[in-house]
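So for the sequence shown, the numbering used here puts the first residue at 5; every next one is plus one.
All C-beta atoms, glycine included, are put in the ideal place defined by N, C-alpha and C.
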Amino acid sequence: MFIKTIEQKYYRLLEKTIGLEIKEYNSTKEKYFRSKIGIEIGGPSTVFMPKSALPVYSDAALIDGVNFSTSTVWENEILPGRTYSYIKDKVGFQFISEASKLTDIKNESYDFLISSHCLEHCANALATVREWSRVVKTGGAILILVPNKEHTFDHRRPTTSFDHLVDDLEKYTAENDLSHFDEIINLHDLSIDPGGSDLEVFKKRSLNNQKNRCFHHHVFDLELLERVFNHCGIKIIFKAKFHPCHLIVMGEKVV
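Below, the structure is given as structure tokens:
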């Protein structure tokens, strides 16, 4: 039921975004995405499909994918290898790897990187974006979407401070971190969580986060995303709020 409701939610969102445009993407896609080879972290994602507002899948030549496990609540069972079927007639390579440790991927392997609603699930955001930047060629694009808390079950939570992200980086915070558990249990709006159930089930799911990765460690706004990009040597191209639960930031790797 959890997987089904997640899929239904995102297909409804996709239907609402068909025909809508993000002019900043359209004005930059020839340089950064058209006929380029990229990698997606945590996909496939409906927001990148043809006719969506960010049709990267159809613009790109080929996209490889990364997921943290061979079994996730979003994609069910996943096989590594040439199995990343993100769009009809296009199949990339599927890596099984932590988002923050892309150990099988060499430096500057890709023209661009995309990720939708994944970074908030990563315990060490700065280390993760640094790693994402590492595998992108200098001059390449990094396009990230995260939830807009105002329209999600995170709306009661405070935005994470940049100092907190720096602290995570300096402490080498790992994916088994549960330091946000109490905040999430107290402030998560379970009534609008598409995978939600009663509080005790939610607590058990959250405590088992290292396996299921449903936990939102951090809550972002556009200012925080910009500071993350700046810290990681990524020059902002555009940032935007979009319909209604996406925050979007796109940048160019400069160092």
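Open item on the list: I need the DSSP call for V150, collapsed to helix, strand or coil.
Closed with: strand
TODO: Starting from V253, trace the beta strand (DSSP E) both ways and give me its first and last residue.
DONE: 250-257
TODO: Check E4 in the structure and name its three-state DSSP category.
DONE: Coverage of the chain is limited to positions 5 through 259, which leaves residue 4 absent and any answer about it impossible.
Task: Helix, strand or coil at K243 according to DSSP, with G and I counted as helix - done: strand
Task: Cβ neighbour criterion (16 or more within 10 Å) applied to Q12 - done: Below a pLDDT of 50, predicted positions are generally treated as unreliable, and Q12, at 43, falls in that range; no measurement from the model is reported.
- [ ] Please say whether F99 and G69 have beta carbons closer to each other than 8 Å?
- [x] yes
- [ ] Take L191 as the anchor and find which of K207, R138, H159, L182 has the nearest alpha-carbon.
- [x] H159
TODO: Classify K40 as helix, strand or coil using the three-state DSSP reduction.
DONE: coil
Open item on the list: Measuring straight from C-alpha to C-alpha, what distance separates R138 and M53?
Closed with: 25 Å
Task: Simplified DSSP state of L226, which is helix, strand or coil - done: helix
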